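So the structure is just underneath, and the comments pick up after that.
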Amino acid sequence: MATPTLDDKLVVAISSRALFDFEEENRVFEGGDPDGYMKLQLQRLDQPAAPGIAFSLVKKLLAFNDGGAQRVEVVVLSRNDPVSGMRVFRSAQANGIHLERGVFTQGRSPFGYLRPLKATLFLSANADDVRGALAAGFPAARVLTESVRASASYPNEVRIAFDGDAVLFSDEAERVFQKSGLEAFQAHELTKAAQPLPSGPFKPLLAALHRLQNAGNSRMRIRTALVTARSAPAHERAIRTLMDWKVDVDEAMFLGGLPKGEFLREFEPDFFFDDQTRHVSHAALHVPAGHVAAGIANLVK
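Counted the way numbering that gives the first Met the number 0 counts, the sequence shown spans residues 0 to 300.
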């Protein structure tokens, strides 16, 4: 029997609160009663939890597994205790999510396990864990549990939207904007239009989605969008960077600072990633959203 491996798979590591709606139970925990939280989860062991904010994304990605091709792996990586972990697995089974693996650390930060898991993406409701994961070099986002749930309009498409600077790309250009303003930013990007931007924390995820799409699946496809505050002429460097990476996005929105939420509502993503808290908060009114605590905009002041 071959040794199981996570090599060459798109691995999503996800916390229990990102996958399921455990907000009522979490209020007990946040109220300073971890024993009460564990007791409540045990009482509800046979009561499947409702889908959480990232549920749609996870279920659709798992639909790329067909026949003998297991291209996607989802692993629960949680600060929960092992007893509460039983409810997570039971809730997954009840909701048609195939879960085999989980790591439950009973209050300790779990992000160190991302490396042996070879994680492609980490989604958690815990801001500290997300910052630790990003610092360790993994694409990671804090799931806004107050987000609107994903639309059911596209059952056979995984739809993901990304911000550009400090998410797909480095924060090089954003630093110019923060220091010297919009005019200097536009001039900087115009003079460097032919020079690809350095990679940001989410380039590995975009590349993995590109590989997954190219691997082929008769039932599922992936649709991606770049949704950025950039406008002409700074749009050109972003497009040329993606061309240099040989990775396509299906849609690109250069919004020149307009609020992103209404545009995202039309795109109907299963998830949206952005580094700016104001953009994420506005997006969460319309779609599932996550905060990427990377780049100059998220430096602790």
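We treat Cβ as the ideally placed atom computed from N, Cα and C, and that holds for glycine.
Computed from a predicted model, the values in this text were never measured in an experiment.
Under the three-state reduction of DSSP, which class applies to residue i: helix, strand or coil?
| i | result |
| --- | --- |
| M219 | coil |
| F103 | strand |
| S15 | helix |
| Q65 | First, the residue type needs correcting, since residue 65 is Asp and not Gln in the sequence shown. DSSP places D65 in strand when its eight states are reduced to three. |
| G289 | strand |
| D302 | The structure shown does not extend to residue 302, since the chain is modelled only from 0 to 300, so the question has no answer here. |
| D273 | strand |
| L263 | helix |
| S108 | coil |
| L98 | coil |
| K300 | The predicted position of K300 is uncertain, since its pLDDT is 48 and thus under 50; a value taken from the coordinates is nonetheless stated next. If DSSP states are grouped into helix, strand and coil, K300 belongs with coil. |
| F201 | coil |
| T2 | coil |
| A191 | Strictly speaking, residue 191 in this sequence is Lys, with Ala absent from that position. Three-state DSSP puts K191 in coil, outside helix and strand. |
| K245 | coil |
| R43 | coil |
| A237 | helix |
| A353 | In the structure as shown, the chain begins at 0 and stops at 300. Residue 353 is therefore absent and cannot be evaluated. |
| L196 | coil |
| G180 | coil |
| G84 | helix |
| P115 | helix |
Report yes or no: is there a C-beta of chain B within less than 9 Å of the C-beta of residue i?
| i | result |
| --- | --- |
| T104 | Any reference to chain B falls outside this structure, which holds one protein chain only. |
Identify, in the order they occur along the chain, each residue of the same chain with its Cβ nearer than 6 Å to the Cβ of residue i, setting aside the five sequence neighbours on each side.
| i | result |
| --- | --- |
| I221 | V157, L208 and Q212 |
| P287 | I52, S146, A149 and F270 |
| A251 | L225 |
| V166 | G199, F201, F272, D274 and V291 |
| P268 | R158, I159, A160 and V286 |
| D243 | P195 |
| K117 | L5 and V10 |
| R130 | A292 |
| H278 | K259 |
| P115 | none |
| S90 | F19, P47 and A48 |
Which residues in the same chain have their Cβ closer than 7 Å to the Cβ of residue i, if we skip the five residues on either side of it in sequence?
| i | result |
| --- | --- |
| A132 | F110, L113, F121 and A139 |
| F28 | Y36 |
| N25 | R16 |
| L181 | none |
| F63 | R70, V71, L211, N216 and M219 |
| L39 | E24 and V27 |
| R43 | R86 |
| R174 | I295 |
| V248 | T223, A224, L225 and L241 |
| R239 | A192, A193 and P195 |
| F304 | Any question about residue 304 goes unanswered here, given that the chain covers just 0 to 300. |
| V246 | L205, A206 and H209 |
| D80 | M37, F103 and Q105 |
Just list the residues that DSSP pairs residue i with in beta bridges.
| i | result |
| --- | --- |
| V10 | E72 |
| T227 | F253 |
| P50 | F19 |
| F32 | Sequence check: residue 32 is Asp here, not Phe. Partner(s): none; D32 has no beta bridge. |
| S77 | F103 |
| F121 | A12 and A139 |
For my contact list, residue i and residue j are in at a C-beta cut-off of 8 Å; report their separation, rounded to the angstrom.
| i | j | result |
| --- | --- | --- |
| F161 | L205 | 7 Å |
| L9 | V71 | 5 Å |
| I96 | V57 | 6 Å |
| H281 | K259 | 7 Å |
| S123 | F103 | In fact, because the Cβ distance is near 13 Å, the residues do not count as touching under 8 Å. |
| G163 | R229 | 6 Å |
Near residue i, what residues of its chain come up, given a Cβ to Cβ distance below 8 Å and the 5 sequence neighbours on each side ignored?
| i | result |
| --- | --- |
| P232 | Q185, E188, L189 and A192 |
**Study point:** Any beta strand (DSSP E) of 3 or more consecutive residues that is wholly inside the segment 131-169
**Key:** 139-142 and 156-161
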